[in-house]
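A.B. asks: Sharing a structure with you now.
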Amino acid sequence: MESQAIALPPIDEEDDDEQVDDEEEETHCDPEVIEDPDHLKNLRTGGKSVHTKSGKKMMKAVRIGSDRDEVRALRAVYVRDFEELERRHDRYVCANLANFSRDDLEGQRQWIQAVIYDQQSLLADCDKYLIFTKPQSSASVATRASSRHSSVSSAQAKILEAERKEQEARLKLQQAEDEAKRQAEEDESLRELQVRQRQIDADREQRKLKDEMELLQPTGDSS
214 MESQAIALPP IDEEDDDEQV DDEEEETHCD PEVIEDPDHL KNLRTGGKSV HTKSGKKMMK
274 AVRIGSDRDE VRALRAVYVR DFEELERRHD RYVCANLANF SRDDLEGQRQ WIQAVIYDQQ
334 SLLADCDKYL IFTKPQSSAS VATRASSRHS SVSSAQAKIL EAERKEQEAR LKLQQAEDEA
394 KRQAEEDESL RELQVRQRQI DADREQRKLK DEMELLQPTG DSS
């Protein structure tokens, strides 16, 4: 039985075979060994571009009614590209913990959540197509339902993980602020001790000079 295309919202046409040279080079970079924040941000940007293109390619295959095995393969690539994008995003955020404010961290959390929500929407449309092109059976329906549930649970787990990482980042930021405050207080206490010690030394020297002057004064009896 031939597969039939289902009606989906139109998507932007794009030549998915056209790749930017920089993106191809960045694909082979390991974010874990990179320290430069700007380089890490460029890596994440490249990862987002690759992820977006693979999503559009997957949905184009769905829209034109491609073979379901081809669609499934494109779906796997799309999920893989997200995992790589998420890895680059996490590395970028970790490398900037000392520079990001709480608002910056919140913005980063919202950014990755928006990517997750967009991905859920495309995967849902793709899964509808795969269901439509496969003969129905009670076993397959149960399997797909379980798969969709796992997909939703996985997305929720990623959101929770992002929130956990945000809390960890906030805690580290607070600890850094507390340490800086403690160090400043210690420095101030040390300066006060040094001032007091100098004053004690000055008083001691003054008393010593006074005693010496008194010893030098004439003590002869007058007749």
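Quick note, the sequence shown lines up with residues 214 to 436 if you use the numbering used here. Where a beta carbon is used, it is the ideal one built from N, C-alpha and C, also for glycine. This one's a predicted model, so the numbers in the text were calculated from it and none came from an experiment.
(1) Have a look at residue 290 and residue 391 and give me their C-alpha separation to the nearest angstrom.
(2) Residue 303 and residue 267 - do their beta-carbons sit closer together than 8 Å?
(3) Since I believe residue 271 is in contact with residue 263 (beta carbons under 8 Å), could you give me their beta-carbon distance rounded to a whole number of angstroms?
(4) Apart from the five residues on each side of it in sequence, which residues of its chain come closer than 7 Å, Cβ to Cβ, to residue 226?
(5) What is the DSSP secondary structure of residue 259, counted as helix, strand or coil?
(6) Just to confirm my understanding: we take residue 335, look at its own chain, exclude 5 residues before and 5 after, and list those with CB closer than 8 Å. What are they?
(7) Got a sec, what are the start and stop residues for the alpha helix (DSSP H) residue 345 sits in?
(8) Using three-state DSSP, classify residue 278 as helix, strand or coil.
(9) Using CA coordinates, which residue listed in 418, 301, 280 is at the minimum distance from residue 344?
(10) Give every residue of the same chain whose Cβ lies closer than 6 Å to the Cβ of residue 325, excluding the five residues on either side of it in the sequence, and list them in chain order.
(11) Could you have a look at residue 397 and say whether DSSP puts it in helix, strand or coil?
(12) With distances taken from CA atoms, which of 386, 413, 389, 342 is nearest residue 287?
(13) Distance, Cα to Cα, residue 437 vs residue 252?
(14) Compare the Cα-Cα distances from residue 319 to each of 331, 381, 367, 298 and report the closest residue.
(15) Does the beta-carbon of residue 408 have 16 or more other beta-carbons within 10 angstroms, so that it is buried, or is it exposed?
(16) Please classify residue 257 as buried or exposed, where buried requires at least 16 neighbouring CB atoms within 10 angstroms.
(17) Less than 6 Å between C-beta atoms, sequence neighbours within five positions excluded: which residues of the same chain meet that for residue 322?
(18) What does the alpha-carbon distance come out to for the pair residue 329 and residue 389?
C.D. replies: Based on what the coordinates show:
(1) Roughly 45 Å between the two C-alpha positions.
(2) no
(3) Not confirmed; about 13 Å, so no contact.
(4) Low confidence applies to residue 226: its pLDDT is 41, below 50, so where it sits in the model is not reliable enough to give any reading.
(5) helix
(6) 268, 271, 272, 291
(7) 315-345
(8) coil
(9) 280
(10) 302, 375
(11) helix
(12) When C-alpha distances from residue 287 are compared across 386, 413, 389, 342, the shortest belongs to 342.
(13) Nothing about residue 437 can be reported from this structure: the residues present for the chain run from 214 to 436 only.
(14) 381
(15) Here residue 408 is exposed. Its C-beta has fewer than 16 other C-beta atoms within 10 Å.
(16) buried
(17) 375, 379
(18) Distance between the alpha carbons of residue 329 and residue 389 is about 31 Å.
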